[in-house]
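A.B. asks: Note that the protein sequences, when read in sequence, are chains A and B. Take 1 as the starting number for the first sequence in UniProt numbering and just add one per residue. Take 1 as the starting number for the second sequence in UniProt numbering and just add one per residue.
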Amino acid sequence: MADRGRTGSGGGGGQGDVETAKKTRKPKYSRFSQQELPACKPVLTPGWVITTFISIGVVFIPIGLASLFASQRVTEIVHQYDIDCIPPEFSDDTVGFIKSDKTNKTCTRTITVPKQMKSPIYVYYQLNNFYQNHRRYVKNRDDKQLWSREDERSSQDCKPEAFTANGQPIVPCGLIAWSLFNDTYKFRVNDKALEVNKKGIAWSSDREHKFGSNVYPKNFQSGSLIGGAKLNSSIPLSEQEDLIVWMRPAALPTFRKLYGKIETDLEANDKINIVIENNYNTYSFGGKKKLVLSTTSWMGGRNDFLGLAYLTVGGLCLFLAISFILVYVLKPRPLGDPSYLSWNRNAAGILN
Amino acid sequence: MIMMKRFVYINDDQVSHELYCDNRISNRKYTILNFLPKNLWEQFSRFMNQYFLLIACLQLWPLITPVNPASTWGPLIFIFSVSATKEAWDDYNRYLSDKKANEKKVWIVKNGIKKQIKAQDIHVGSIIWLRENDEVPCDLVLLGSSDPQGLCYVETAALDGETDLKTRVVSSSCMGIDSELLHKIKGVIECPNPDKDIRRFDANLRLFPPFIDNDVCPLTIKNTILQTCYLRNTEWACGVAPFFSGNETKLGMSRGIPEPKLTAMDAMIDKLTGAIFIFQIVVVMVLGVAGNVWKDTEAKKLWYVEYPHEGPWFELLIIPLRFELLCSIMIPISIKVSLDLVKSLYAKFIDWDEKMVDEETSIASHATNTAISEDLGQVEYILTDKTGTLTENKMIFRRCCINGIFYGNDSGDALKDVELLNSIEAGSPDVIRFLTIMAICNTVIPVQSKSGAILYKAQSQDEDALVHAAAKLYMVFLNRNANILEIKFNSSSIQYELLETLEFTSDRKRMSVVVKDCKNGKIFLLSKGADESILPYAIAGQQTRAFVEAVEHYAQMGLRTLCLAWRELMNDEYREWSLSFKEASSALVDREWRLAEICQRIERDLQVLGVTAIEDRLQDGVPETIETLRKAGINFWMLTGDKQDTAIQIARLCNFISPEPKGQLLMINGKTEDEVRVSLERVLRTMRITTSEPKDVAFVVDGWALEIAVTRYRKAFTELAILSRTAICCRVTPSQKAQLVQLLKSCDYRTLAIGDGGNDVRMIQQADIGVGISGREGLQAARAADYSIGKFRFLRRLILVHGRYSYNRTAFLSQYSFYKSLVICFIQILFSFISGVSGTSLFNSISLMAYNVFYTSVPVLVSVLDKDLTEETVMQHPQILFYCQAGRLLNPSTFAGWFGRSLFHAIVVFTISIHSYAYEKSELEEVSLVALSGCIWLQAFVMTLETNSFTILQHIAIWGNLAAFYVINWIFSTIPSSGMYTIMFRLCREPSYWTAIFLTVAAGMGPIVALKYFRYTYRPSKINTLQQAERLGGPILSLGSIEPQARTIEREVSTLSIAQPKMRNPMYEPLLSDSPNSTRRSFGPGTPFDFFQPQTRLSAGYSRNCKDN
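#1: By alpha-carbon positions, which one of E152(A), D151(A) and I170(A) ends up nearest to P160(A)?
#2: Considering Cα atoms alone, identify which of L639(B), Y346(B) and S832(B) is closest to M729(B).
#3: Would a C-beta distance cut-off of 8 Å place residue 1147(B) and S585(B) closer than the cut-off?
#4: Which of the three DSSP states, helix, strand or coil, is assigned to V536(B)?
#5: Kindly indicate which three-state DSSP category M980(B) falls into: helix, strand or coil?
#6: Using the three-state DSSP reduction, which class does E568(B) fall into: helix, strand or coil?
#7: Would you tell me roughly how many angstroms separate the C-alpha atoms of G256(B) and G377(B), rounded to the nearest one?
#8: Can you pull out the residues from the region 157–180 of chain A whose beta carbon lies closer than 7 Å to at least one beta carbon of chain B?
#9: Just to make sure I have the definition right: I need the residues of chain B whose C-beta is within less than 7 Å of the C-beta of M247(A). Which are they?
#10: Please identify the residue among R136(A), K118(A), I83(A) and P334(A) whose C-alpha is closest to the C-alpha of S835(B).
#11: Taking a contact to mean a Cβ-Cβ separation below 8 Å, would you say L44(A) touches G1006(B) in this structure?
#12: Across the region 889–900 of chain B and the region 267–281 of chain B, are there enough close Cβ pairs to call them in contact, namely three or more that are closer than 8 Å?
#13: Please compile the residues from chain A whose C-beta is within a distance smaller than 9 Å of the C-beta of Y1018(B).
#14: For a test of the three-state rule: what should DSSP assign to Q34(A), helix, strand or coil?
#15: Would you mind working out which of N193(B), F80(B), P137(B) and G1004(B) sits nearest residue 1148(B), comparing C-alpha positions?
#16: According to DSSP, which residues form a beta bridge with C401(B)?
#17: Check for me: the beta strand (DSSP E) holding residue 365(A) runs from which residue to which?
#18: If you measure beta-carbon to beta-carbon, which residues of the region 806–833 of chain B are closer than 7 Å to chain A?
#19: Is R560(B) near S533(B), with beta carbons less than 8 Å apart?
#20: To the nearest angstrom, how far is the alpha carbon of T873(B) from that of Q1028(B)?
#21: Please report the straight-line C-alpha distance between T282(A) and L999(B), rounded to a whole angstrom.
#22: Rank A565(B), K519(B) and F547(B) by C-alpha distance to the C-alpha of R433(B) and give the top, closest one.
#23: Could you check what DSSP says for residue 1127(B) in three-state terms: helix, strand or coil?
#24: Quick one: is K715(B) buried, meaning 16 or more other Cβ sit within 10 Å of its Cβ, or exposed?
#25: Is K516(B) helix, strand or coil by DSSP?
#26: Residues in the same chain with beta-carbon distance under 7 Å from I396(B), minus the five sequence neighbours each way, listed in chain order, please.
#27: Thinking just about the alpha-carbon of each residue, which of Y346(B), F636(B), C654(B) and I382(B) is nearest to the one in A371(B)?
#28: Give me the chain A residues within the contact set of P991(B), using Cβ-Cβ distance strictly less than 7 Å, ordered along the chain.
#29: Comparing C-alpha positions only, which one of P236(A), D157(A), Q132(A) and S294(A) sits nearest to D142(A)?
#30: Taking the beta carbon of Q116(B) as the centre, do at least 16 other beta carbons fall within 10 Å, making it buried, or is it exposed?
#31: For a test of the three-state rule: what should DSSP assign to F130(A), helix, strand or coil?
#32: What residues in its chain sit with their C-beta under 6 Å from that of K49(B), if we drop five residues either side in the sequence?
#33: So which of V697(B), E681(B), T726(B) and Y749(B) has the shortest CA-CA distance to I717(B)?
#34: Spell out the partners DSSP gives A698(B) in its beta bridges.
#35: Quick check on the DSSP output: the alpha helix (DSSP H) that includes A705(B) runs from which residue to which?
#36: Give the range of the beta strand (DSSP E) segment to which Y259(A) is assigned.
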């Protein structure tokens, strides 16, 4: 054709230019540009799928059993005290009781250790229905101020607990710090005081890099509205471990925070006598307060969820695998049978 | 009609200077000053961008923003700067090319002196001096040329892609002016306002004394040279710049940014985006109300939140707005960028494809429009030109019939027919006259090359074939010297004086020349043209029956026919006629129409000499391509300017229609409205009956009947268009081609128009997808088209491979983009239920931003390498294209599948995170990172499950991304000031983190794998079946019915008889169909085709989703 073009209709002066212009740059061959990269094409064959499901089942059930076992081995004492610590005469006015300065908030409870508990035994307080994750609450803090003395006035996010009435900066500022939990517990076992170690309950990273060792509480809880606990203004923030623990907001409205560690073993049927200073107001919003003593395992505290979930998922996988096998045996269907291509089967040719 | 006129004074600076613009060309869209505002304005005119801007602005309000504003501003600014940079780069390149053109040096004549100036300084009325091989800087009216006859040759390749030289002639009043005098020429040109028609220029020239006289001299396009042409074979030429300069040149006017085409897929994505937007508004309103109620009932009791008793007036709006911001990620900000990116890659794949490079000319395929590749996979109708598209447009003279004697019937080549050679030798006058017409009744320019051989430069391939054939039959067209045509016959030279040329137009369908024999002074009219425009004007008494038969005979063989005729003119007759012809040719108004009328007056009483038959061979692979694409459910319409019989024959040769009894041709014809109506109704009736049986029914319509049908019986014709898989429209004009495209588009079909010549440009631009063949008729079509390919057969690969893959990939990519955004958004919504409906974000700003623009965007981009089936399988089973055509992979129901999956995954991730990280572990940052890791892991497995073929790049992207997620989070975990400080390290040390993640993966993927497996095995889609078959290896046998079509190319009179409706009531046996077709959309409610409803593609398309299983 090109040949004819030259002899026939002639190759004038311009033809050469046009020919080259027409020649689009012919690309270099590469497997990428030709979409010919070597590829493997996995297909969901029965063998492959059934094997996968069986192996998931086989792996998951032991893991589930192991974590369930670990969880069950954790001994946990949960004691709710918010209702019991209200004197009967205030049972109709719980909020009045907790807000009053004059009432005696000390309350003594006794619990029995059901099983032997090896140290370390963690002491938690658990709050229910407390929204640390509330939008107004969770961001109401100023990390710069907590770390460095120079930034004590940088507290824009802390309103309304940023400055005192006369404009002095509050350290630590914000609603989270202001509402610090202030119940305290004293333990006695068999009439012997039980030491609760409150050192090292906060994350060391927080102590070392988030809360300054030269930042001291200032103007804290000095306003008209008193929130939670007061802080000793002679101790730097990095050593206020209760505050540091509290200031890691929880993701759920039910949460536990570490109160301390008991570093002696507790025997079964030990009677623990707890003196509770019931100061913290959860009564306004109907929250519960619980005291939790718990040992630990490789999975952490007592939580059956993972174990049960693993067992369920593993079981379902096995069930699916077995039913796939049954269906495969009872109703075999060859893969890739061209007779299932409807344009072969159906002359009228309606796909589907 | 009042035409605006302009007067241009030649060589008179003062007058025209202020009036008209200079020759500065500007294609730029922006200037430095207006770039930023204009570009921003353009970008913000898109709804999506307005939406994101609103969200970003709302985020600046700290009271309501759940996250750092940077999480939206960052990506937004990134996306904007990417597209702004692209625009700026394009514009800069335009500026550079303009500058180059503007600063080109040209010679002008000013006050009688030649001097060189920049092209941009040319003024209207300047005289420009061109030398050989110069590019023409602006549209010119020719005043002089080195050629004594005032001819000059130009190459117009840049304008219309035609590479042959065209002659241009100096206007008659300037003819013969000495070049010295030309420098001082003065005059006035009267011309209409600029327009973009490159084939018309109706103006008059009047020279001022002392030049000649005051006669008005008509100017036509023949007297002009247009911008960007090249002057060839002419030593010099000079011309005056009329008003056509700068951006007002013909080329400048016809340039223009074409309307951006929107693919069906884009429209669907927009629709889904709209649906998600509405869903988002509903969610926001519900949560906003719930949030406000919770705030008033519960949150006021939470003393530690310290809600003020009296809020600001807009208090009620705060929570809904917070949720609006929280939910804004439902619409993925990255989708636009991702889509643009992959679309340009699809286009690159087309450009790069070695299998679509034409070996003969080494022209690669090219995607001019990078945005519409998906539409290729959804084509339903292909409208194709015939000549040059299906055929090679390589004309060879094969047969002829002179005075009822057939030549070339035995050998198939008249040039070797002994009988013909004998009669030439014998000097039979009819044969010689026949050859003379072949040789000189044309516009061919013979060029004597240095070696002495004669080269012909022809604008029409037919004329080229005829002149060559005549030369082989010893009638050599030697020279066209001004008005003297010199031919050599058997070593004797004959000269004719060319008196007039009656040009070919598509309306007249013939051309004639009036020549005077220089020997005896006799004047002849020589005509050639289509049979129907020659035979009716034959002289009374001549039997034209033989010619009609010859034409039919040839047409049935697929040959192109021309009738040749002549008449001797009396001197008086000619003189009288030539006066009115001159008058008509200088008319400013309706010149073409008036000329046609004048020509009609002389082209009568013709002596018909004979018929020539020219073969135009089919391109390689055309029948196979059409067969494959028809199997793929694509309907073909052939729109040609050729005559009916030729068109039908070509249609048969290329599998367009099957021979009886498999196929049936229905004719729509008639000259009057009533005839057309009756014929149309009859065809419709037949069509309705036969559509229930699988049968190839095609209708044939000619231009005249089509015009009536489309304008008068539009509804009936539309119905017919919907019912018919195949149509052949002959004798159609370019605008009718475009009209038909419009008609099919209005029925909501995706149309692809393919053509090669200037007459297809309108159809190509009109269609959803325009494909141009860079062929012999020039590049005009290829330039206007979205895709240009070298040969028709590449269309198969373009559609089945590139179109299909593009569709599948975009379907996955767009839906996945929504899926991943919805997952994270649903988690946020679920979290708001346990955070007091207060609009707290579970995730921090960094995670959210990285999730959208990095973690989830990179892996999905490699899905452009995914291939569900190999190219070979698709070619073997083109029917699989149905899934794309019917939009089976992206529609509301597949989208609902992805939506459900995202909800399911969000619930799985959320439940597992908050339960495994409960109580003493429920630290916000930790839970947030557990949930985010869960999402990322699930995404990796979803990608894995949905990928059909893994190349190394996919593995890198999917698993590398997962690793990158950990690396990035470890890096953030080392920065003390970030909220994530140490979190990722802590988590990675905890066994409960890993158990939670594996649980998330198993619980999230298990049901999806099981469902997919079940569907894949027990309810497989056709794609699945083929995938399985591919896996089994070996050839995939199609059972039975795709029988190889015994396609014997009958060279002789065919067995095809056309079922004329008037003949009989068609009763044929049903055909063994191998097509997946009859999936037509119903024409509308209440039409008689309701029995088609169960088969409509909509119901089929939405009944099951294929991707989500």
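Just so you know, even glycine gets a beta-carbon here, dropped at the ideal spot from N, CA and C.
C.D. replies: Considering the structure as presented:
#1: I170(A)
#2: Reading off the sequence, residue 729(B) comes out as Cys, not Met. Checked all of L639(B), Y346(B) and S832(B); the closest Cα to C729(B) is L639(B).
#3: Because chain B spans 1 through 1109 in this model, residue 1147(B) falls outside it and cannot be assessed.
#4: Per the sequence shown, the amino acid found at residue 536(B) is Pro instead of Val. Residue state, collapsed to three classes: helix.
#5: coil
#6: strand
#7: Residue confidence is low: G256(B) scores 48 on pLDDT, short of 50, so the model does not pin down where it sits. Its coordinate-derived value is still stated next. Those two C-alpha atoms are separated by around 28 Å.
#8: P160, L175 and S179
#9: Going along chain B, no residue has its Cβ under 7 Å from M247(A), so there is no contact; the nearest lies around 11 Å.
#10: R136(A)
#11: no
#12: yes
#13: V327, K331 and R333
#14: coil
#15: Given a span of 1 to 1109 for chain B in the structure shown, any question on residue 1148(B) remains unanswerable.
#16: F406(B) and V611(B)
#17: For residue 365(A) there is no data in the structure shown, the boundaries of chain A being 1 and 352.
#18: none
#19: no
#20: 11 Å
#21: 35 Å
#22: A565(B)
#23: What is shown of chain B runs 1 to 1109, which leaves residue 1127(B) out entirely.
#24: exposed
#25: strand
#26: A465, I614 and E615
#27: Y346(B)
#28: W298 and M299
#29: D157(A)
#30: exposed
#31: coil
#32: According to the sequence shown, residue 49(B) is Asn rather than Lys. These residues qualify, in order along the chain: Q43.
#33: The sequence given here places Phe at residue 717(B); Ile does not occur at that position. Ranking V697(B), E681(B), T726(B) and Y749(B) by Cα distance to F717(B) puts E681(B) first.
#34: L665(B) and T726(B)
#35: G703 to R712
#36: F255 to I262
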